[in-house]
Each structure stands twice: as structure tokens, then as C-alpha cells.
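**Student:** I'd like to ask you about the structure that follows.
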Amino acid sequence: MSAVRERPRTDPVPRPEIERTPIDVRHIGQIERPLSGIERVWNVQIVRNLTVLVMFVVIWEAYTRIADIPPLLFPSFTDTCVAIVDAFRDHRMLAKISFTLTSLLTGYAVGLVAAAVLVSAASIWRVWADILTTATAMFNPLPSIALLPLAMLWFGLGTFSLVFILVHSVVWAVALNAYVGFQGVSPTQRMIGHNYGLRGVMFAIKILIPAALATVLSGMKIGWAFAWRTMIGAELVFGATARGGGLGWHIFENSELLNIRQVFAGLFMIILIGVLVEYAIFRTVELRTVRRWGMQR
Amino acid sequence: MAVERPPLLERPEFERQSLGKAATTDVARPLSLAERLANMDPVRKLTVLLAAIVIWELYTRTAEVPALIFPTFVDTIAALWKGLFQYDLATQTWTSLKILFAGYAIGMAIGATLSFIAVSGRFGSDILSTLASMLNPLPAIALLPLALIWFGLGAKSLVFVLLHSIVWPVALNTHTGFMSVSEPLRMVGRNYGLRNVRYVAKVLIPAAFPSILAGLKLGWAFAWRTLIAAELVFGAASEGGGLGWFIFASRNELDIAGAFAGLLVVILIGFVVENVVFRKIEERTLVRWGMQS
Numbered sequence: 001m002s003a004v005r006e007r008p009r010t011d012p013v014p015r016p017e018i019e020r021t022p023i024d025v026r027h028i029g030q031i032e033r034p035l036s037g038i039e040r041v042w043n044v045q046i047v048r049n050l051t052v053l054v055m056f057v058v059i060w061e062a063y064t065r066i067a068d069i070p071p072l073l074f075p076s077f078t079d080t081c082v083a084i085v086d087a088f089r090d091h092r093m094l095a096k097i098s099f100t101l102t103s104l105l106t107g108y109a110v111g112l113v114a115a116a117v118l119v120s121a122a123s124i125w126r127v128w129a130d131i132l133t134t135a136t137a138m139f140n141p142l143p144s145i146a147l148l149p150l151a152m153l154w155f156g157l158g159t160f161s162l163v164f165i166l167v168h169s170v171v172w173a174v175a176l177n178a179y180v181g182f183q184g185v186s187p188t189q190r191m192i193g194h195n196y197g198l199r200g201v202m203f204a205i206k207i208l209i210p211a212a213l214a215t216v217l218s219g220m221k222i223g224w225a226f227a228w229r230t231m232i233g234a235e236l237v238f239g240a241t242a243r244g245g246g247l248g249w250h251i252f253e254n255s256e257l258l259n260i261r262q263v264f265a266g267l268f269m270i271i272l273i274g275v276l277v278e279y280a281i282f283r284t285v286e287l288r289t290v291r292r293w294g295m296q297r
Numbered sequence: 298m299a300v301e302r303p304p305l306l307e308r309p310e311f312e313r314q315s316l317g318k319a320a321t322t323d324v325a326r327p328l329s330l331a332e333r334l335a336n337m338d339p340v341r342k343l344t345v346l347l348a349a350i351v352i353w354e355l356y357t358r359t360a361e362v363p364a365l366i367f368p369t370f371v372d373t374i375a376a377l378w379k380g381l382f383q384y385d386l387a388t389q390t391w392t393s394l395k396i397l398f399a400g401y402a403i404g405m406a407i408g409a410t411l412s413f414i415a416v417s418g419r420f421g422s423d424i425l426s427t428l429a430s431m432l433n434p435l436p437a438i439a440l441l442p443l444a445l446i447w448f449g450l451g452a453k454s455l456v457f458v459l460l461h462s463i464v465w466p467v468a469l470n471t472h473t474g475f476m477s478v479s480e481p482l483r484m485v486g487r488n489y490g491l492r493n494v495r496y497v498a499k500v501l502i503p504a505a506f507p508s509i510l511a512g513l514k515l516g517w518a519f520a521w522r523t524l525i526a527a528e529l530v531f532g533a534a535s536e537g538g539g540l541g542w543f544i545f546a547s548r549n550e551l552d553i554a555g556a557f558a559g560l561l562v563v564i565l566i567g568f569v570v571e572n573v574v575f576r577k578i579e580e581r582t583l584v585r586w587g588m589q590s
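These protein sequence lines map, in sequence, to chains A and B. Going by our numbering, 190 is the number at position 190 of the first sequence; the sequence numbering is gapless. Going by our numbering, 457 is the number at position 160 of the second sequence; the sequence numbering is gapless.
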């Protein structure tokens with residue numbers, strides 16, 4: 001037993017008492033004050049975003065008007081708005097939007113189902129896991145638009161070729177992300193599932209998908225982005241040959257006719273749909289799930 | 298206060314005789330060579346690849362699929378060989394890659410500048426987030442008809458649409474990455490007296506690197522797809538060059554084996570960039586810094 005060394009105790013040093021007089025703080029300036037109405041409005045995010053938008057519209061309109069840019073090169077904002085109203089008035093635009101969206105949603109849905117089947121098989125059998133990883137590594141970097149010339153040869157001109165390349169653009173991105181997400185589900189959570197006696201489909205629905213939802217969702221977002229770009233590209237390149245034609249075809253047709261106002265109108269609709277899908281649909285789903293569950297900030 | 302303790306139960310001693318034969322088979326045994334090979338990842342992947350090639354070759358040969366619809370693997374390789382050494386597949390590929398690199402480099406510079414402006418103030422951040430969230434969902438290829446009118450046919454229009462496809466994903470991801478750098482890290486940086494460029498370079502960029510790299514990868518994926526699509530449009534509009542044009546021209550001449558050879562080159566380049574270049578960067582940075590496994 002070692003003895004604890006006793007420290008020599010020192011008596012506390014008494015310090016002299018002091019009393020502070022309040023310092024004059026006026027030289028600091030305002031420390032706290034209620035925000036003015038303008039400042040409170042400026043602190044709202046949406047107001048600032050809208051200001052940026054309005055600013056750009058004003059700059060655009062002023063630039064095209066003052067510099068006298070020919071509308072053949074760059075139409076003014078008001079021209080573009082008139083063109084949008086025109087396009088909607090004779091129902092061409094609605095038909096084109098519905099054509100684009102129908103093909104797109106078909107391709108996206110089929111792609112999601114195919115990815116789900118592939119990933120399920122890969123989670124059960126190791127051979128399928130190898131097949132899936134090899135195939136995604138090979139086909140994910142292959143732009144599906146490059147397959148379009150061949151698809152048109154195999155399946156003819158028409159919606160089927162479009163859906164084929166859309167499925168190709170969706171399936172690999174989604175399958176890759178979902179598989180990586182499933183692999184990353186922690187063994188603890190898996191064991192909880194086994195403990196509850198969950199098997200097969202129920203195991204996937206109750207344990208794997210919720211646990212990997214952040215990755216699965218990001219895969220679905222990337223898949224959507226690829227499909228959206230592929231769709232517009234395909235219509236631009238080969239819209240002339242496929243009957244009907246959608247938004248991409250609207251842009252191509254009008255740029256050939258040098259009707260640039262309508263091209264801008266088409267671009268506006270594309271931006272609108274893209275923003276709606278990304279911020280209204282995917283953002284809402286994220287807010288309701290992964291953000292609410294605290295899996296993503 | 299004493300607690301009444303229950304008396305200890307005494308269990309009778311006993312001795313087990315034979316336990317019977319254990320119902321297990323091999324508990325542990327050395328793996329055979331075949332099993333050890335099958336456990337190696339590259340071996341399994343190469344097997345899958347080989348199997349796919351064999352099935353392709355057998356299918357096209359036994360079902361006598363016309364070469365105009367689906368050429369055999371051997372034909373495709375022959376066409377690739379011929380394309381590389383007799384036709385101009387190699388120069389077309391180089392044309393594509395040159396434009397791609399130019400667009401990627403300029404796009405990265407613009408994206409970096411935009412996100413630098415965005416971290417410098419709240420209004421800058423608002424400008425970037427509004428613009429990027431509006432323009433990011435716009436497929437770059439949709440701008441090609443306009444670019445052709447503004448800049449004429451040529452590399453300039455291609456670089457313009459490539460820029461559009463790269464700048465927004467890179468800027469958006471970098472910005473989100475910068476915004477979510479944790480407060481302690483920022484304070485450490487300020488404690489060292491870092492400001493402006495040095496603050497961004499020493500604190501923000503390393504801390505937000507996973508998100509920046511994700512943006513770069515996404516930008517690459519979009520740019521690669523846009524470039525091939527744009528060359529297909531050029532192919533439809535005028536005589537251009539590049540890999541997309543090679544595929545389109547081969548298909549138009551019904552040289553399907555040539556189109557397949559073009560696709561193989563596209564796959565190969567994409568594979569090398571995504572699984573070798575970006576993977577190496579990840580290993581050197583994120584994995585080494587312990588931000589990603």
C-alpha cells in the first residue's frame with residue numbers, strides 16, 4: 001500500500017474587495033433594437049428568392065429593350081409570356097406536355113419496378129449481386145440516348161423505343177443506389193428484423209427500405225434527373241420521326257422555324273415541370289420521411 | 298436487521314455418459330481452391346462478364362439473328378479494331394474528349410466562383426440558390442437549338458451546353474456542402490485567423506469535400522450524357538464529329554457492328570472515369586480522411 005502524499009495546504013490569499021462603477025456603454029452603439037418592417041420582411045427566405053427572380057426578369061426585359069436585341073436572337077420577357085399564353089390557347093402545349101409526361105412516367109415506373117426486382121434478387125442470391133454490380137458498373141456510365149439509334153432500329157419509331165431508353169436511364173441509377181443503401185443497413189437493425197420474425201418481402205418493407213430510404217430516394221432523384229434529360233434529348237433528336245412529339249419536339253420545331261419566342265416558351269415549361277417535380281414532389285417526400293425521421297438534415 | 302436466508306438447495310451430482318454423435322457436419326475445414334477463387338470479387342465479376350459475352354455470342358449465332366439487328370460479339374470486336382485503326386474512331390473519340398475536358402474545366406471554375414460568391418454573403422447565397430434550383434432541372438440539351446443560333450455550329454455551342462450541364466450541379470452541391478459545415482469547424486478556422494480564400498481553402502473545402510465530390514460526379518454524368526446527345530443532334534443537323542456522331546453515322550450506314558463498337562468505347566470511357574478516376578480521388582481523400590468507408 002502506498003501512502004497518499006499529503007500536500008501542504010496553503011491558506012487562501014485574501015484579495016482586496018473592489019467595487020466596479022458602471023462603464024459608459026454608449027460608445028458601442030445599438031446593442032439591441034426591434035427590427036424595422038423592411039428588415040423583418042427581408043429576413044423571409046421566400047421574399048429574398050422572389051426578389052432575385054424579379055431582378056433577373058427586370059434585367060432581362062431592360063436588356064432586350066434597351067440594347068434592341070432582335071427577337072430572333074433573344075426575345076424579351078413579355079414576348080415570352082405572350083408566347084406561352086398563345087401556346088396554351090390552341091391546346092398544342094397541353095397535348096405536348098401530356099405526351100412528354102405520359103411517356104416519361106411510363107418509363108420511370110417500369111424502370112423503378114425493374115430496379116426493385118433486380119435489387120431484391122441481388123439481396124437474396126450472391127450471383128445476382130455480382131450480376132447487378134457488374135451490369136451497373138458497365139451500363140450506368142452509358143448515356144441511354146446513345147442507345148436511341150439502335151432502339152429505333154429494334155423497336156421501330158414510336159413510344160416503345162422512348163420507353164426502352166427511359167427504362168435504361170432509370171434502372172441502373174436507382175438499382176445502384178438502392179443496393180448500396182441496403183448493403184449499408186446496420187446489422188443491428190437487421191437483427192431486430194430477424195428477431196421479429198420478418199422474412200422476405202416483409203423484411204424488405206419494414207426494415208431495409210426505411211433504413212435505406214435516404215439512399216433510395218437520392219437514387220430515385222438521380223434516376224428522375226437522367227430520365228428527364230434523356231426524354232427531352234430524345235425528343236429533340238428524333239422527335240421528328242416519332243409521331244406526336246412533346247416538349248423537346250416543340251423546342252426543336254420552333255427553333256427550325258426561327259420562332260424563338262416559342263422556344264423560350266418551351267424552355268419555360270420544361271423549367272416549370274422540373275422545378276415542380278424536384279421541389280414539390282421530391283422535397284415533400286423528403287420532408288415527410290427522411291428529414292422527419294432525422295436521417296438527413 | 299438480519300434477513301432470513303432461504304436454505305441452499307443441494308442438487309445431486311451426476312455424470313453424463315456418452316453424448317451421442319454430434320449432428321453437425323464440417324465445423325471448420327480449409328476451403329477448396331474453387332471456393333477460394335469464387336470468394337474473390339474480381340473473379341466473380343469477370344465470370345459474369347464472360348458469361349454475358351458467351352450468351353451474347355451463342356444467342357446471335359444459334360438464333361441466327363441478322364447482323365443488321367444485333368451483331369455478334371466477334372463482329373463487334375472486329376468493327377472496333379477496324380474503327381480504331383482504319384476509320385477515324387480514335388480521332389472522333391479524341392474530339393469528344395477534348396470538348397468534354399474544356400467544358401468540364403471551365404464549368405468547374407465557374408461553379409467554384411459562384412459558390413465562393415455565395416459563401417461571402419447572404420444575398421449572394423440567395424442569388425445562387427434561386428438560379429441553381431431554377432436552372433438545374435433544365436436539361437442542358439434543350440438549350441442546344443438556341444446555342445446553335447447564338448454561337449453557330451461548332452465547338453462553341455457544345456461547350457456552352459456542357460457548361461450549363463456542369464455548373465449548376467457543381468455549384469448547388471458545393472453550396473449545400475459549405476452550408477452544412479459544422480459550426481465548431483468554422484470556429485476553429487476563425488480561431489486560426491483564416492479569412493476569405495484561405496478560410497475557404499483550409500476549412501470549408503476539406504469539410505464539405507464529400508458533397509463537392511458528389512457534385513463533380515453528378516456534373517460529369519450530366520456532361521457525358523449531354524455531350525453524346527449533342528453530337529447525335531449535330532449528326533442529325535450537320536456534319537460534325539465525335540463519338541455520338543460516329544454511332545449515329547454507323548447506324549445510318551446500317552453498320553450496326555460499328556455502332557456497337559462506338560457504344561463499347563462510350564461504356565469504356567464512362568467506366569474508366571467513374572470507377573477508376575473518381576474512385577481513386579475518393580480513396581485518396583474521403584476514405585483516407587475517414588469521411589467515407
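From the three backbone atoms N, C-alpha and C, an ideal C-beta is built for every residue, glycine too. Remember, it's a predicted structure, so these values are computed and weren't measured experimentally.
Spatial neighbours of A:V57 within its chain, please: C-beta separation below 6 angstroms, excluding the five flanking residues on both sides.
**Tutor:** Answer for A:V57: F77, listed in chain order.
**Student:** Give the straight-line distance between the Cα atoms of B:G592 and B:A505, rounded to the nearest whole angstrom.
**Tutor:** This structure cannot settle anything about residue 592 of chain B, because the visible part of chain B is limited to 298 through 590.
**Student:** Would you be able to state if there are at least three C-beta pairs under 8 angstroms between the segment 137-147 of chain A and the segment 550-567 of chain B?
**Tutor:** Cβ pair count under 8 angstroms is three or more, so yes.
**Student:** Assuming contact is defined by CB atoms lying nearer than 8 angstroms, are A:R261 and A:A83 in contact in what I supplied?
**Tutor:** Cβ atoms of A:R261 and A:A83: closer than 8 angstroms.
**Student:** List the whole-angstrom C-beta distance separating B:A520 from B:S462, where the pair is believed to meet the contact cut-off of C-beta under 8 angstroms.
**Tutor:** Rounded, the Cβ-Cβ distance is 5 angstroms, consistent with contact.
**Student:** Measuring only the C-alpha atoms, how far is A:R308 from A:T102?
**Tutor:** This structure cannot settle anything about residue 308 of chain A, because the visible part of chain A is limited to 1 through 297.
**Student:** Got a sec: which bits of the segment 431-444 of chain B sit with their beta carbon under 9 angstroms from any beta carbon on chain A, in order along the chain?
**Tutor:** Those would be M431, L432, N433, P434, L435, P436, A437, I438, A439, L440, L441, P442, L443, in chain order.
**Student:** Which term fits B:S535, buried or exposed, when burial requires 16 or more other beta carbons within 10 angstroms of its beta carbon?
**Tutor:** Since pLDDT at B:S535 reaches only 49, below the 50 mark, its modelled position is unreliable, and the value read off the structure follows with that caveat. Result: exposed.
**Student:** Nearest to B:S479 by alpha carbon, out of B:T388, B:I502, B:W542?
**Tutor:** Comparing Cα-Cα distances from B:S479 to each of B:T388, B:I502, B:W542, the minimum goes to B:I502.
**Student:** So the alpha helix (DSSP H) A:W249 belongs to, where does it begin and stop?
**Tutor:** From DSSP, the alpha helix (DSSP H) with A:W249 extends over 247-256.
**Student:** Classify A:H168 as buried or exposed, calling it buried when 16 or more other Cβ atoms lie within 10 Å of its own Cβ.
**Tutor:** Classification for A:H168: buried.
**Student:** What's the C-alpha gap between A:G107 and A:F160?
**Tutor:** Between A:G107 and A:F160, the C-alpha separation is close to 9 angstroms.
**Student:** In this structure, does DSSP put B:D372 in helix, strand or coil?
**Tutor:** B:D372 falls in the helix class under three-state DSSP.
**Student:** Taking just the CA atoms, how far does B:T390 sit from B:L565?
**Tutor:** So the alpha carbons of these two residues sit roughly 11 angstroms apart.
**Student:** Can you pull the chain A residues whose beta carbon is under 7 angstroms from the beta carbon of B:V530, in chain order?
**Tutor:** The answer, in chain order, is L236, V237.
**Student:** Over what stretch of residues does the alpha helix (DSSP H) that includes A:V119 continue unbroken?
**Tutor:** Start and end: 92-124.
**Student:** Between the C-alpha atoms of A:A227 and A:I31, what's the straight-line distance to the nearest angstrom?
**Tutor:** For A:A227 and A:I31, the distance between alpha carbons rounds to 54 angstroms.
**Student:** B:L491 to B:G421, Cα distance in whole Å?
**Tutor:** Rounded to whole angstroms, B:L491 to B:G421 spans 21 angstroms at the Cα level.
**Student:** Ignoring anything shorter than 4 residues, give me the alpha helix (DSSP H) runs that lie fully in the segment 29-54 of chain A, in order along the chain.
**Tutor:** Correct list: 37-42.
**Student:** Among B:G516, B:L551, B:R522, B:Q589, which one has its Cα closest to the Cα of B:A402?
**Tutor:** Considering only alpha carbons, the answer is B:G516.
**Student:** Determine the chain B residues that contact A:V275 at a beta-carbon separation under 8 angstroms, and present them in chain order.
**Tutor:** Going along chain B in sequence order, the residues near A:V275 (Cβ under 8 angstroms) are S430, M431, P434.
**Student:** Please list the residues of the segment 197-228 of chain A that have a C-beta atom closer than 8 angstroms to any C-beta atom in chain B, keeping them in chain order.
**Tutor:** Cβ contacts with chain B: I222, A225, F226, W228.
**Student:** Assess contact between the segment 253-273 of chain A and the segment 465-478 of chain B, defined as three or more Cβ pairs (one per stretch) separated by less than 8 angstroms. Is contact present?
**Tutor:** Segments in contact, no.
**Student:** Just the Cα atoms here: how many angstroms apart are A:D130 and B:L334?
**Tutor:** Between A:D130 and B:L334, the C-alpha separation is close to 14 angstroms.
**Student:** State yes or no: is the C-beta of A:N140 within less than 8 angstroms of the C-beta of A:A173?
**Tutor:** Result yes, Cβ atoms of A:N140 and A:A173 sit closer than 8 angstroms.
**Student:** Let me check understanding here. Comparing Cα to Cα, which of B:L513, B:L445, B:I446, B:P434 lies closest to B:N470?
**Tutor:** Taking only the C-alpha atoms, the option nearest B:N470 is B:L513.
**Student:** Does DSSP classify A:G233 as helix, strand or coil?
**Tutor:** Three-state DSSP puts A:G233 in a helix.
**Student:** Start and end of the alpha helix (DSSP H) containing B:Q389?
**Tutor:** Per DSSP, B:Q389 belongs to the alpha helix (DSSP H) from 386-417.
**Student:** In terms of alpha-carbon separation, which member of A:Y179, A:V237, A:L118 lies closest to A:I209?
**Tutor:** The shortest Cα separation from A:I209 among A:Y179, A:V237, A:L118 belongs to A:Y179.
**Student:** Give a yes or no on whether the minimum CB-CB distance between B:T471 and chain D is below 8 angstroms.
**Tutor:** You won't find chain D in this structure, because its protein chains are A and B.
**Student:** Suppose you measure from the CA of A:L311 to the CA of A:L118; what does that come to, to the nearest Å?
**Tutor:** In the structure as shown, chain A starts at 1 and stops at 297, and residue 311 of chain A therefore has no counterpart that could be examined.
**Student:** Distance, Cα to Cα, A:K96 vs A:L105?
**Tutor:** Their backbone Cα atoms lie some 14 angstroms apart in a straight line.
**Student:** I'd like to check one pair, A:T134 with B:L346: are the Cβ atoms closer than 8 angstroms?
**Tutor:** Cβ atoms of B:L346 and A:T134: closer than 8 angstroms.
**Student:** Between B:L425 and B:I438, which are expected to be in contact by the criterion C-beta below 8 angstroms, what is the C-beta distance as a whole number of angstroms?
**Tutor:** In fact, because the Cβ distance is near 23 angstroms, the residues do not count as touching under 8 angstroms.
**Student:** Which ranges does the alpha helix (DSSP H) cover as unbroken runs of at least 4 residues, wholly within the segment 522-562 of chain B, from first to last along the chain?
**Tutor:** Segments of the alpha helix (DSSP H) lying fully in the segment 522-562 of chain B: 540-549.
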